[in-house]
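At position 1 of the sequence shown the residue is numbered 1 (the UniProt record's numbering), and the sequence of numbers has no breaks.
Using N, Cα and C, we set each Cβ at its ideal position, and we do this for glycine too.
Shown next, in structure tokens, is the structure this report addresses.
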Amino acid sequence: MEDILKHNFAAPNQLATIYYMKERVEDGRSYYTFEYGLRTPIYATTSFATLQVMADSLKILQI
């Protein structure tokens with residue numbers, strides 16, 4: 001999950017941190033909801049995102 005956060009959500013100069021993560025399974029599909037923070041020397045932000053993992057695909061829903 002750290003690699004997905006670093007490469008899909010964070011800019012190269014941002015430090016990414018996962019604060020909370022929860023997994024749930026519905027209809028055979030795995031969903032991971034997590035709270036993450038992105039920080040630079042100037043500012044910081046905290047957000048939520050949900051990832052859906054199926055057999056051969058990954059879908060990202062950012063809230």
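Going by C-alpha distance, which of ALA49, ALA44, PHE48 is nearest LEU15?
The residue you call residue 15 lines up with position 15 of the sequence shown. Of ALA49, ALA44, PHE48, the smallest CA-CA separation from LEU15 is found for ALA44.
Would you report the Cα separation of PRO41 and ASN13, rounded to the nearest angstrom?
As a working mapping, residue 41 is identified with position 41 in the sequence shown. As a working mapping, residue 13 is identified with position 13 in the sequence shown. The straight-line gap from Cα to Cα measures roughly 9 Å.
State the Cα-Cα distance for the pair MET54 and ILE4, rounded to the nearest angstrom.
Within the sequence shown, the letter at position 54 stands for residue 54. Within the sequence shown, the letter at position 4 stands for residue 4. So the alpha carbons of these two residues sit roughly 16 Å apart.
Please give me, in chain order, every unbroken run of the beta strand (DSSP E) with length at least 3 that falls completely inside the UniProt domain "PsbP C-terminal" (4 to 58).
Within the UniProt domain "PsbP C-terminal" (4 to 58), the complete beta strand (DSSP E) runs of at least 3 residues are 15 to 26, 29 to 39, 44 to 53.
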